[in-house]
Structure formats: C-alpha cells, structure tokens
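Student: Read in order, the letters of the sequence shown correspond to residues 0 to 170 in numbering that gives the first Met the number 0.
Dumping the structure here so I can ask a few things about it.
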Amino acid sequence: MIGPLLEAADYNSHLSGYDKGVFAMTPEWLWLRSIALRRRGHRWMAKRVKQFNSFLYHNSLAAGGDISPDVYLGHHGLGTVIHDNVTIGRRVRIWQNVTLSVRAPAGSPHRIIIEDDVMIGANAVVITPFEKSLLIGQGANIGAGAVVTHDVPAGATVVGVPAQVVRVKTT
Ligand SMILES: CC(C)(COP(=O)(O)OP(=O)(O)OC[C@H]1O[C@@H](n2cnc3c(N)ncnc32)[C@H](O)[C@@H]1OP(=O)(O)O)[C@@H](O)C(=O)NCCC(=O)NCCS
Numbered sequence: 000m001i002g003p004l005l006e007a008a009d010y011n012s013h014l015s016g017y018d019k020g021v022f023a024m025t026p027e028w029l030w031l032r033s034i035a036l037r038r039r040g041h042r043w044m045a046k047r048v049k050q051f052n053s054f055l056y057h058n059s060l061a062a063g064g065d066i067s068p069d070v071y072l073g074h075h076g077l078g079t080v081i082h083d084n085v086t087i088g089r090r091v092r093i094w095q096n097v098t099l100s101v102r103a104p105a106g107s108p109h110r111i112i113i114e115d116d117v118m119i120g121a122n123a124v125v126i127t128p129f130e131k132s133l134l135i136g137q138g139a140n141i142g143a144g145a146v147v148t149h150d151v152p153a154g155a156t157v158v159g160v161p162a163q164v165v166r167v168k169t170t
C-alpha cells in the first residue's frame, strides 16, 4: 500500500523537504506526491494523498497539475484551491487563500500557465475566460486580493478587481 507512495518520492527528488524524508509532509511535498502517483496511474492513492493534504492544511491542490518542485505555498497553502490543467514554472510563490481556476471541462486543452518567478499574493483569484487559457508571464506579481481574468505580461504588477497593470519591471 505504501509502495507507490515511496516510489513516487523519486519524482523530482530535489524538491524542498525531500531531504528530510517522507515525514517532512509539507503541503508542497504532499501535492507533488499526489501528482507523481497520478502520473504513475495510482489515481486512487493520488486522491487519498490530496485529501490528506486538505485535512492537514485546509487546501485543495489537484493532482493533475504540472508543477515545478520548487513551488512555495505561503502559510502552508491555507485556503488555496488549484485546479487540474495548471502549469507552474520555477520559483513561483503562492500566498494563502489563492484560487487558480480553469473554466473548462476536465481533459480540455485549456490551462493556466504560470511562468517562472511569479508571485501570487494572498486572496488572489486567477480565473480563465470560459474555455480559454490564461498566461501569467515571467516575473509578474499578482497583488493581494486581485482578480485576474486575462493574461498578465512578463514583469508586470497587477492589482485590483478586475486586475489592472500598475507597474512593469524594466530590466
Ligand atoms: C502588488 C504588490 C506586489 C505591489 O508591491 P509594490 O511593487 O511594492 O507596489 P506598491 O506598494 O508601490 O504599490 C503600487 C500601487 O498599487 C497599490 N497596491 C499595492 N498592492 C495592492 C493590492 N494588493 N491591491 C490594490 N492595490 C494595491 C498601491 O496602493 C500603489 O498605488 P498608488 O501608486 O496609487 O499609491 C504588493 O502590494 C502585494 O499585494 N503583495 C502581496 C504579498 C502578499 O500577499 N503577502 C502575503 C503575506 S502573509
């Protein structure tokens, strides 16, 4: 029973928390385990691990995502809800109570794509237009409480409801 879980621990073994062993059950660790289990066809167990993550940390992190192992969930991802069909790049920080929602049926090609080095502030909601994808560009900052319904350019800071660009990083 525990075999697939331990096997799944090989998935991106350089992720934070892995070095401490299977008992370092951070929400990120559990999320990545559930993804690994699902990819290996252990759908039942993937769901149980997802539910255990919800039980411990009060989040809902779908096992169908494509998530970089260095994702950071502020305050243990408390209240954070992330659908399937979400891609998250390197060094992305997601604060508490964030929702990433794809308005498309399961199995649809539409996705939320979050590029590297993005920060998503507390209570932000990112929701795709119906049956469309949405891209958050590299290095973008999503303000706390923002509601994002359209693409965000790389380096931009967006705030408010609906989110508007207030700054674009110049490098
Ligand atoms: C969006 C954010 C990244 C901007 O930070 P910044 O680049 O330092 O920008 P500033 O603070 O100079 O703000 C720029 C403008 O946006 C406004 N603003 C900043 N954050 C805002 C927010 N979340 N919602 C609405 N407006 C916001 C500021 O009032 C300012 O407006 P002004 O130019 O009219 O005065 C930051 O305010 C934020 O929301 N970070 C989230 C962090 C978080 O959730 N942490 C959780 C820890 S528990």
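In this text, a Cβ means the ideal position worked out from N, Cα and C, and glycines have one as well.
Look up R92 in the DSSP assignment and give the residues it is bridged to.
Tutor: Per DSSP, Y71 and M118.
Student: Can you tell me whether K168 is buried or exposed? The criterion is at least 16 other CB atoms within 10 Å of its CB, across all chains shown.
Tutor: When all chains shown are included, K168 counts as exposed.
Student: Go ahead and label A23 buried or exposed: buried means 16 or more other beta carbons lie within 10 angstroms of its beta carbon, across all protein chains shown.
Tutor: With fewer than 16 Cβ atoms within 10 Å of its Cβ, A23 is classed as exposed.
Student: Once DSSP output is grouped into helix, strand and coil, what is the label at R166?
Tutor: Residue state, collapsed to three classes: strand.
Student: Can you check whether the CB of V124 is closer than 7 angstroms to the CB of V146?
Tutor: For V146 and V124, yes; Cβs fall inside 7 angstroms.
Student: Answer yes or no: do W30 and L77 have a C-beta to C-beta separation smaller than 7 angstroms?
Tutor: Going by C-beta atoms, W30 is not nearer than 7 angstroms to L77.
Student: Relative to ligand 1, is the shortest distance from any of its heavy atoms to the C-beta of V147 smaller than 6 angstroms?
Tutor: No, Cβ of V147 sits at least 6 angstroms from all heavy atoms of ligand 1.
Student: On the DSSP bridge assignment, give the partners of H80 in chain order.
Tutor: Sequence inspection shows Val at residue 80; the His mentioned does not correspond to that position. S59 and T98, per the DSSP bridge assignment.
Student: Do I135 and V158 count as a contact pair if the criterion is CB distance below 7 angstroms?
Tutor: It is not a contact, given that the beta carbons lie outside the stated cut-off.
Student: Relative to the C-alpha of G138, which residue among T98, A155 and H149 is closest?
Tutor: Nearest C-alpha to G138: A155.
Student: Identify every residue that forms a DSSP beta bridge with D150.
Tutor: According to DSSP, D150 bridges with nothing at all.
Student: So A35 is in the alpha helix (DSSP H); what residue range does that whole segment cover?
Tutor: Run containing A35: P26 to R38, per the alpha helix (DSSP H) assignment.
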